[in-house]
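A short worksheet on the structure shown next.
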Amino acid sequence: MKEIDPFVKYKKYRYEFYNLAKRKARKEYKCDYCHKIIKKGETYVYYRDPRYDGLKGKPLFYETYRICLECWNKREKEV
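For this note's numbering, count along the sequence shown from 1 and bump the result up by 53.
Put into structure tokens, the structure is as follows:
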């Protein structure tokens, strides 16, 4: 599967993401940006990105992303 860099791909600010939330990990996840392990109990940024395919204005599906705070804060400084 091809790696997706959500920051470069969508070129959006933090407030432009849909369903953005900071969450505590209930289990181990992998950061979708740097691929580090997000350990249980650590805080990470979660958001969903809607995909539209001309379906009466409703999203066909959502891509979900989990990003560690290091990557998220690094991106905020760049933008």
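Even glycine gets a Cβ: it sits at the ideal position worked out from N, Cα and C.
All of these numbers come straight from a predicted model, not from anything done at the bench.
Sequence-distant residues of the same chain with beta carbon closer than 7 Å to residue i, five excluded per side
i, result
"Lys92", "Ala78, Glu81"
"Trp125", "Val98"
Residues near residue i by beta carbon distance below 8 Å, same chain, minus five either side
i, result
"Cys87", "Cys121, Glu123, Cys124"
"Arg104", "Pro112, Leu113, Phe114, Tyr115, Glu116"
"Lys83", "Lys89, Ile90, Ile91, Arg119"
Under 7 Å between C-beta atoms of residue i and residue j
i, j, result
"Thr96", "Lys75", "yes"
Alpha-carbon to alpha-carbon, residue j and residue i
i, j, result
"Leu73", "Ile90", "20 Å"
"Gly94", "Asp85", "18 Å"
Same chain, Cβ closer than 6 Å to residue i, five either side skipped, listed in chain order
i, result
"Asp102", "Glu116"
Within-7 Å CB hit, residue i to chain B
i, result
"Phe114", "Included in the structure is just one protein chain, with no chain B present."
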